[in-house]
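What follows is one structure encoded as structure tokens, with my remarks underneath.
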Amino acid sequence: MFKVVTAAAALEEGAFNEGDRIFCENGAYRVASHILHDHRSHGWLSFSEVIQQSSNIGTTKVAQKLGLATVHKYAHLFGFGSLTEIQFPGESAGMLKPLSAYSKTSIGAVPIGQEVAVTALQLAAAASVIANGGLYFKPYIIKEITDASGEIIKENNNQCLRRVISSETSRRLGKILTGVVETGTGKMAQSKLYAFAGKTGTAQKIEPSGGYSHSKFFATFIGFAPAENPRIAISVIFDEPHPYYYGGVVAAPVFKEVAEEALQYIEVNEKINKFAALSNTDIE
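Residues in the sequence shown are numbered consecutively from 31, following my numbering.
In structure tokens form, the structure reads like this:
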């Protein structure tokens with residue numbers, strides 16, 4: 031998801047357009063004392079393709095033009111490093127270090143999701159920003175509480191906390207994320223029923239001794255559906271999947287199944303409610 035944050039910042043700040051070409055160094059790129067790699071080598075990619083093919087190197091080059099302070103600012107705007115205040119005991123704020131704590135290699139880490147810690151709820155809320163036209167809404171567990179007669183005792187209405195990106199940037203980013211599913215690393219989330227938008231993720235876990243593991247991963251797929259008229263946002267996370275560990279292989283198919291069933295459930299219930307409303311009108 032942090033590559034999406036970096037892409038959102040680049041589009042919002044006018045630093046890149048979708049067709050801008052970025053050389054991805056054929057798979058290896060030095061950032062200070064660290065050699066950054068892609069999961070497979072790429073030469074020239076467009077800005078959109080950098081996100082759709084999940085290039086670490088391309089994303090880092092985007093971040094280098096933006097500056098780490100700008101990436102950090104947008105990460106905060108998307109809700110990372112802060113509690114969502116969902117009113118659920120034990121919620122974690124994750125970890126987003128202050129700028130002063132970053133090193134020379136951080137520009138090749140934070141923009142691709144390293145040196146940070148996030149929660150599943152933060153990921154879903156961040157995806158919802160793009161689905162909601164660039165607005166961050168406060169998440170709730172419960173929509174409303176009713177008594178035995180059906181009267182509403184308490185209702186949690188939509189509460190917009192802030193604008194993160196413009197509606198135009200949201201629209202453009204949504205098209206890029208639709209491309210992730212259509213032609214990029216998220217092709218296993220493709221549906222015959224709906225168009226989906228999302229982003230794959232494969233994150234190395236931290237070893238108890240420090241440093242990133244080369245055998246233990248989180249596999250993720252974060253997205254929203256349908257792509258053009260979003261109704262739901264979903265975060266799918268696998269902890270140490272085996273034998274496959276790429277988000278596009280492990281988590282994307284789960285997103286597809288859950289999203290299809292959820293949307294069909296919503297549609298059926300809407301038809302039932304509409305029929306009930308028409309029936310009541312006829313009776314009266």
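The beta carbon of each residue, even a glycine, is placed where N, CA and C say it ideally should be.
By the 16-neighbour rule on beta-carbons within 10 angstroms, F108 is buried. Here the region 216–231 makes contact with the region 278–288; the two share three or more CB pairs at distances below 8 Å. Taking the Cα of V159 as reference, the smallest distance to any Cα among A38, S239 and K91 is reached at A38. Boundaries of the beta strand (DSSP E) around I183: I182 to E185. L191 carries a strand assignment under DSSP once its states are collapsed to helix, strand and coil. Annotation: the continuous alpha helix (DSSP H) that includes T100 extends over L98 to L107. Note on geometry: alpha-carbon atoms of G73 and E287 lie some 34 Å from one another. Burial of H102 is indicated by the presence of at least 16 other C-beta atoms within 10 angstroms of its C-beta. As far as DSSP is concerned, F118 takes part in no beta bridge.
For A249, the number of other beta carbons within 10 angstroms of its own is at least 16, and it is reported as buried. Straight-line measurement puts the Cα of Q294 at about 29 Å from the Cα of T232. The beta-carbon distance between L98 and V148, rounded to whole angstroms, is 18 Å. This is too long to meet the 8 Å contact definition. When Cβ pairs closer than 8 Å are counted between the two stretches, the region 85–97 is seen to touch the region 61–72, the count reaching three or more. The continuous stretches of alpha helix (DSSP H) do not include I264, which lies in the beta strand (DSSP E) extending over residues I262 to D269.
A straight line joining the alpha-carbon of S196 with that of G240 spans about 39 Å.
Looking at I264, Y274, R201 and A93, the one whose alpha-carbon comes closest to that of G163 is R201. Bridge pairing for F251: T230 and V266 [DSSP]. Here the C-alpha atom of I175 lies approximately 41 Å from the C-alpha atom of L41. Taking C-beta atoms under 8 Å as the contact rule, G204 and A257 qualify, at a distance of about 6 Å. Judged by DSSP secondary structure, L66 falls within the beta strand (DSSP E) whose first and last residues are H64 to H67. The Cβ-Cβ distance between Q234 and I171 does not fall below 8 Å.
With a contact defined as Cβ atoms closer than 8 Å, T114 and V61 miss out at about 31 Å. If only uninterrupted beta strand (DSSP E) runs of at least 3 residues are considered, those enclosed by the region 108–173 are 165–167. When only Cα atoms are considered, P260 and K95 end up about 31 Å apart.
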